[in-house]
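Student: In terms of my numbering, the numbers along the sequence shown are unbroken and rise by one, the last being 724.
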Amino acid sequence: MEGWHYPRADLAEHYLSLLALGISSNFAIIAPRRKGKTLFVLQDLAPQAQKKKYIPVYASLWQNINAPHEGLITALEEAIAALDKKAVFSRLLKTKIKKATVSNELLGKMAVEFADNPCRPSSSDLAYLEKLLSSLEKKAGKKTILLLIDEIQHLSTSKHFDTLTHTLRTMLDKRQGRVKGIFTGSSRHYMNLLFNEPRSPFYHFVESVPFPDMDKPFIEFLKDKLARDHQITASHQSLNRAFLSFDKSPYWMMKLVAHMVTFKATVDAAQKYVLELMEAAEGFEAIARKMKPIDRVVFLALSEGVNPFSKELMDKIDRETNVKGVQSNIQRAIQRLSDANLISQIHKGVYNIEKPGMRRYLERLQ
Ligand SMILES: Nc1ncnc2c1ncn2[C@@H]1O[C@H](COP(=O)(O)OP(=O)(O)OP(=O)(O)O)[C@@H](O)[C@H]1O
Ligand SMILES: [Mg+2]
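#1: Three-state secondary structure (DSSP) at residue 371?
#2: Pull up the CB-CB distance for residue 564 and residue 387, whole angstroms please, since I reckon it's below 8 Å.
#3: Check the C-beta distance from residue 656 over to residue 691 and give it rounded, since I have them as a contact under 8 Å.
#4: Return helix, strand or coil for residue 707, following the three-state DSSP convention.
#5: Does DSSP put residue 538 in a helix, in a strand, or in coil?
#6: Decide if the region 472–492 is in contact with the region 510–527; the criterion is three or more beta carbon pairs, one per stretch, under 8 Å apart.
#7: What would DSSP say about residue 465, mapped onto helix, strand or coil?
#8: If you follow the alpha helix (DSSP H) that residue 431 is part of, which residue opens it and which one closes it?
#9: Can residue 508 and residue 416 be called in contact, C-beta distance under 8 Å?
#10: To the nearest whole angstrom, what separates the beta carbons of residue 431 and residue 506, a pair I think is in contact under 8 Å?
#11: Can you list the beta strand (DSSP E) stretches of 3 or more residues lying completely in the region 375–432, in chain order?
#12: Could you say if the region 621–637 and the region 588–604 meet the contact criterion of at least three C-beta pairs nearer than 8 Å?
#13: Residues in its own chain within less than 8 Å of residue 671 by CB, not counting five upstream and five downstream?
#14: Name, in chain order, the residues that DSSP records as bridge partners for residue 513.
#15: State whether the region 424–439 contacts the region 398–415, with contact taken as three or more CB pairs (one from each stretch) at a distance under 8 Å.
#16: Whole angstroms is fine: what's the gap from residue 371's alpha carbon to residue 540's?
#17: Should residue 652 and residue 681 be called a contact, given that it needs their Cβ atoms to be closer than 8 Å?
#18: With respect to the beta strand (DSSP E) encompassing residue 502, which residues constitute its N-terminal and C-terminal limits?
#19: Between the Cα of residue 360 and those of 455, 574, 649 and 606, spot the shortest distance and give me the residue it belongs to.
#20: May I have the straight-line CA-CA distance separating residue 465 from residue 500, to the nearest angstrom?
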């Protein structure tokens, strides 16, 4: 929805200042799906970087999910073409914003997180990538290239992408400082494999930085805009309640706003509608069906911050499921939840919920 982007200039400034400090030339922004990473990078970070004499180059590794190198190649080719034509760089960004918004609406987007026919880039593809970056560097002159690579976790989802990962690391390593990178991704599990596994080429090469949830000012922005542009009165409290029920996802929040504007609906009615939409779009029902009873209990415990190995939970598993509440069964449930990307473990004993809305759905089933 045009005109509804809530600007996050301070956050963009913060990331750029980290780059300027030189602690690292490569940062990773990790947050769950539909939290506003892509639009932040395109609408806030890239334009601000451009003002600071960077040449932002945005590439999505999902452009072709089976051949992630293609997204990089296209992005570099387009950036070179834009510089050649001395075209307005911001036009290139606008096209990408449109593309990202459209792809958010694609049916079954969530189902295609993994390549179904992953293809290894040829050595000439990889050599071409290197050549493109060199020629972009020449054209950039005194400016620094800032690679904004989206869906970076995709690199660790298939062995076929290993040579690309290596090449990327070498390309950046060779040019440390002259080419910088900000990577975004949504799966902490796969991001961990990429950045924290000693065998990965990206090991200790990329610093992870948090991507804070949007908060009160975002709600205030929506409230003011509804009142000013659409003469709709909604309280901060009710909007915030809806936002929390969507696990602070701006995507679902914008669905709420669109529904309110189109149907002159109240916040409560729109919230109800969006929760149903969310349920259908995210396939909660199918996911829940695949979960064993113990998986559900463990998932809910983790969502509530409860220690999954506590005596209390073991008793509950004994009582409510068909298996024994013992360590090995709980460990296996955690493994299944991780494999399904419903949770991730960042440190030992610290879990993240990767599926916003799922907890609410399971609680309603009980
Ligand atoms: N700053 C913002 N202001 C208003 N709406 C926003 C903002 N950021 C994101 N949105 C809304 O949320 C939607 C999803 O945002 P975006 O595509 O950036 O999320 P994402 O975290 O990249 O998701 P994914 O992990 O699925 O790629 C956007 O299409 C837009 O409707
Ligand atoms: Mg995205």
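In this text, a Cβ means the ideal position worked out from N, Cα and C, and glycines have one as well. All figures in this text were calculated on a predicted structure; none of them were measured in a lab.
Tutor: If we stick to the structure as given:
#1: Correct three-state label for residue 371: helix.
#2: Between residue 387 and residue 564 the Cβ distance is about 10 Å, and since that is not below 8 Å, they are no contact.
#3: About 4 Å separates the two Cβ atoms, so the contact holds.
#4: If DSSP states are grouped into helix, strand and coil, residue 707 belongs with coil.
#5: In this structure, DSSP gives residue 538 an extended state, which the three-state scheme calls strand.
#6: At 8 Å Cβ cutoff, the stretches touch.
#7: Unreliable placement is indicated for residue 465, whose pLDDT of 49 sits below 50; the coordinate value is still reported in the next sentence. In this structure, residue 465 counts as coil in the three-state DSSP scheme.
#8: Residues 427–442.
#9: Contact: yes.
#10: Rounded to the nearest angstrom, the Cβ distance from residue 431 to residue 506 is 15 Å, too far for a contact under 8 Å.
#11: Runs of the beta strand (DSSP E) inside the region 375–432: 384–388 and 412–418.
#12: Enough Cβ pairs lie closer than 8 Å, so yes.
#13: So the qualifying residues of the chain are 655, 656, 659, 664, 665, 683 and 688.
#14: Residue pairing for residue 513: DSSP places it in no beta bridge.
#15: Yes: at least three Cβ pairs fall under 8 Å.
#16: Approximately 13 Å between the Cα atoms of the pair.
#17: Yes, the pair counts as a contact, with Cβ atoms nearer than the cut-off.
#18: 502–508 is the extent of the beta strand (DSSP E) around residue 502.
#19: Selected option, being the one with the closest Cα: 455.
#20: Note on residue 465: pLDDT 49, under 50, position unreliable in the model; no value is reported.
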